[in-house]
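What follows is a short report on a single structure.
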Amino acid sequence: MPTVRETTFDLLRTWGLTTVFGNPGSNELPFLDGFPDDFRYVLGLHEGAVLGMADGYAQATGRPALVNLHSAAGLGNAMGNLANAKACGTPLVVTAGQQARPMVGLGSMLGEPAMTRVPEPQVKWSFEPTRAQDVPRALSEAHHLATLPPTGPVFVSLPLDDWAQPVDPVEVAHLGGRRVRRAGGLDDELLAELAGRLAAARNPVLVVGPEVDDERAFPRVVALAERLQAPVWTAPSAPRCPFPTRHPLWQGLLPPSIAGVAAHLDGADLVLVLGAPVFRYHVYVPGPWLPEGAELVAVGSDPGTAARAAFGDAIVADVATVAGQLLTGLADLPPRPERPAPERAVAAEPGAAPFTADAVLGLLSRSVPGHTRFVNESTANTAQFWSHLDLATPRGLLFPAAGGLGFGVPAAVGAALADPARPVVAVLGDGAFQYGVQAVWTAVQHQLPVTFVVLRNGVYGALASFVGQLGVSKIPGLELPGLDAVTIAEGYGLPARAVASAEELSEELSAAGKAEGPRLIEVPITAETRTLG
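Using my numbering, the letters of the sequence shown map in sequence onto residues 6 to 538.
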């Protein structure tokens with residue numbers, strides 16, 4: 006009879022999970038024994054980097070990724086980026102090697118009786134099979150749960166002595182051919198109601214979130230906005246960019262506060278939210294939920310976020326399907342006057358170093374190829390980044406959804422692994438770079454087309470902005486003297502350069518996204534504070 010290992014690798018082939026992200030330990034060696042030639046093992050030097058690379062890979066491809074971590078300790082190392090994956094809804098099958106079954110209850114090293122509790126609450130589901138023969142079915146359940154809406158990471162604990170055990174082929178005969186799909190649109194009555202409300206609205210506004218950022222929903226939502234001539238905002242704290250940023254209807258990113266959202270939506274009488282929670286606030290600035298006279302309807306796949314909202318109607322459904330239905334339902338809508346495009350930010354040319362972040366990001370947006378994929382983990386400069394962002398297609402931007410640092414470097418590496426023909430530019434704070442730096446090694450080993458742009462201001466800039474907002478003072482631990490990203494990068498074999506003049510900055514940014522292999526640019530910028538919310 007086939008073994009658990011053989012059966013599992015056959016199933017992984019069926020699901021297309023032939024890339025494994027991992028950092029192996031003794032508990033995982035039996036799984037990796039005789040690793041198949043048609044599989045790819047992507048080694049990360051730290052489990053946080055491993056999880057972040059898998060996250061970037063899954064977001065870039067739109068398909069789940071497989072992660073193999075080492076015991077409870079390695080799973081704990083990955084928790085920061087697991088929180089980002091959960092908040093973004095990234096479909097990941099996360100596994101960790103458990104100690105041999107007879108050893109788990111003895112307090113043995115690398116054994117954890119409560120392994121399934123370690124990743125909670127940052128996973129949709131957490132499971133350890135009760136017998137070796139249940140491993141294939143458990144992984145099948147994990148794969149389907151990760152990809153069913155709301156998508157997200159799941160976890161399976163795998164005892165090391167299970168892999169060599171035999172499996173009755175009858176038990177697993179149908180696992181590989183199963184398809185589990187969610188189909189959800191509007192019935193005729195609900196479609197007529199929502200289409201009627203949109204048609205009657207004098208000033209409808211769309212707010213779009215990460216569920217729109219895929220190949221099905223993206224073009225339909227663009228067409229719907231054009232049909233309605235509705236201004237489009239990106240939902241606050243959005244981890245991706247779900248609308249063309251140079252489209253004349255796109256207004257920008259909503260601020261992450263109650264009062265800020267209401268102020269930016271002023272004048273709207275109907276707000277249609279597509280594929281986003283209502284809303285992911287960050288800064289507590291109280292006020293009305295919506296401007297006076299406005300109503301809200303949210304459409305998304307997650308019943309939890311639909312039920313949690315403090316206001317507005319909600320419909321739990323597939324966003325792409327609903328957008329297509331609304332286009333049909335509004336086919337007879339009389340043409341509406343075209344709205345004038347909002348004024349776009351124009352950055353000044355960089356002067357002498359240190360530069361302003363606005364000047365650097367403006368020059369970067371003008372320099373890179375149009376098909377560049379971006380990762381942003383310079384949280385102090387998010388507003389400037391969005392103001393110059395130029396994206397026209399889905400899956401062009403990745404951002405740490407939970408706000409935990411350590412996502413940017415590995416996510417950029419994972420995105421480049423997913424599509425080496427598409428260059429990746431990661432914009433990173435000097436503090437954020439330290440959290441995921443181990444992934445630089447993987448970029449070098451695979452010679453990936455990633456440019457890391459490290460903005461060095463010597464401070465946790467986002468936190469500095471909170472000091473005034475929260476009315477606190479004399480806060481320790483915000484300054485970051487003595488960091489040298491270039492020396493660190495060179496230690497991993499990554500070509501790197503610190504720019505010191507406007508000429509050098511222009512030269513280096515002009516090459517961003519065009520080099521064949523990875524590189525790093527360290528750019529000195531001024532420390533700035535911003536108004537939040």
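Idealized CB from N, CA, C, for every residue including glycine.
Inter-residue Cα distance where the pair is residue i and residue j
{"i": "Ala88", "j": "Pro340", "result": "44 Å"}
{"i": "Leu74", "j": "Ala268", "result": "45 Å"}
{"i": "Ala143", "j": "Gly317", "result": "38 Å"}
{"i": "Leu525", "j": "Gly334", "result": "50 Å"}
{"i": "Arg427", "j": "Ala421", "result": "7 Å"}
{"i": "Val414", "j": "Glu198", "result": "45 Å"}
{"i": "Asp363", "j": "Ala314", "result": "34 Å"}
{"i": "Arg19", "j": "Ala188", "result": "The amino acid occupying residue 19 in the given sequence is Thr; Arg does not appear at that position. The straight-line gap from Cα to Cα measures roughly 22 Å."}
{"i": "Pro174", "j": "Phe14", "result": "14 Å"}
{"i": "Phe248", "j": "Ala65", "result": "16 Å"}
{"i": "Ala494", "j": "Ala206", "result": "54 Å"}
{"i": "Phe26", "j": "Ala101", "result": "12 Å"}
{"i": "Pro241", "j": "Leu499", "result": "35 Å"}
{"i": "Pro543", "j": "Leu37", "result": "Residue numbering for the chain in the displayed model covers 6 to 538; residue 543 lies beyond these limits and cannot be assessed."}
{"i": "Arg45", "j": "Gly419", "result": "13 Å"}
{"i": "Val4", "j": "Lys519", "result": "A query on residue 4 cannot be resolved here, the shown segment of the chain reaching from 6 to 538 and no further."}
{"i": "Phe404", "j": "Pro171", "result": "43 Å"}
{"i": "Gly30", "j": "Gly329", "result": "48 Å"}
{"i": "Pro308", "j": "Glu297", "result": "27 Å"}
9 Å Cβ cutoff met for residue i and residue j
{"i": "Ser145", "j": "Leu180", "result": "yes"}
{"i": "Gly280", "j": "Pro215", "result": "yes"}
{"i": "Thr377", "j": "Ala517", "result": "yes"}
{"i": "Leu56", "j": "Ala90", "result": "yes"}
{"i": "Leu396", "j": "Val429", "result": "no"}
{"i": "Val212", "j": "Leu254", "result": "no"}
{"i": "Thr12", "j": "Pro141", "result": "yes"}
{"i": "Met114", "j": "Gln104", "result": "yes"}
{"i": "Pro7", "j": "Asp219", "result": "no"}
{"i": "Glu513", "j": "Ala490", "result": "no"}
{"i": "Gly367", "j": "Ala346", "result": "no"}
{"i": "Ala542", "j": "Met58", "result": "What the structure shows of the chain is the stretch from 6 to 538, and residue 542 is not part of that stretch, so it cannot be assessed."}
{"i": "Ala70", "j": "Tyr62", "result": "yes"}
Whole-Å CB distance - residue i paired with residue j, under 8 Å assumed
{"i": "Leu433", "j": "Val459", "result": "5 Å"}
{"i": "Ala83", "j": "Glu117", "result": "Going by Cβ atoms, the distance from Ala83 to Glu117 rounds to 14 Å, so no, they are not a contact pair."}
{"i": "Arg10", "j": "Ala169", "result": "7 Å"}
{"i": "Thr239", "j": "Gly265", "result": "Actually they are not in contact, since the Cβ atoms of Thr239 and Gly265 sit about 13 Å apart, beyond 8 Å."}
{"i": "Asp60", "j": "Asn28", "result": "No, Asp60 and Asn28 are not in contact; Cβ-Cβ is about 15 Å, not under 8 Å."}
{"i": "Val539", "j": "Leu295", "result": "Lying outside 6 to 538, the shown extent of the chain, residue 539 is not represented and no answer is given."}
{"i": "Ala92", "j": "Ala406", "result": "4 Å"}
{"i": "Arg344", "j": "Pro236", "result": "6 Å"}
Residue i classed as buried or exposed, judged by whether at least 16 other C-beta atoms fall within 10 angstroms
{"i": "Gly293", "result": "The question names Gly, yet the displayed sequence has Pro at residue 293. The residue is exposed, with fewer than 16 neighbouring Cβ atoms inside 10 Å."}
{"i": "Met120", "result": "buried"}
{"i": "Phe412", "result": "buried"}
{"i": "Val72", "result": "buried"}
{"i": "Arg349", "result": "exposed"}
{"i": "Pro289", "result": "Looking at the sequence itself, residue 289 is Tyr, so the reference to Pro does not match. By the neighbour-count rule (16 or more Cβ atoms within 10 Å), Tyr289 is not buried but exposed."}
{"i": "Ile480", "result": "exposed"}
{"i": "Ser306", "result": "buried"}
{"i": "Gly466", "result": "buried"}
{"i": "Arg371", "result": "exposed"}
{"i": "Phe4", "result": "With the chain represented from 6 up to 538, any question about residue 4 goes unanswered, as that position is not in the structure."}
Residue-level contact to chain C via CB, residue i, 9 Å cutoff
{"i": "Val380", "result": "Absent here is chain C; the protein component of the structure consists of one chain."}
Quick one: which unbroken beta strand (DSSP E) runs of 3-plus residues sit fully inside the region 88-168? Chain order, please.
For the region 88-168, whole beta strand (DSSP E) runs of length 3 or above, ordered along the chain, are 97-103, 159-164.
Where in the region 357-398 do unbroken runs of the alpha helix (DSSP H), each at least 4 residues long, occur, reported from the N-terminal end onward?
Those alpha helix (DSSP H) runs which fall completely within the region 357-398 and span 4+ residues are 362-372, 387-393.
In chain order, each alpha helix (DSSP H) run of at least 4 residues that lies wholly inside the region 498-530
Whole alpha helix (DSSP H) segments, 4+ residues: 507-516.
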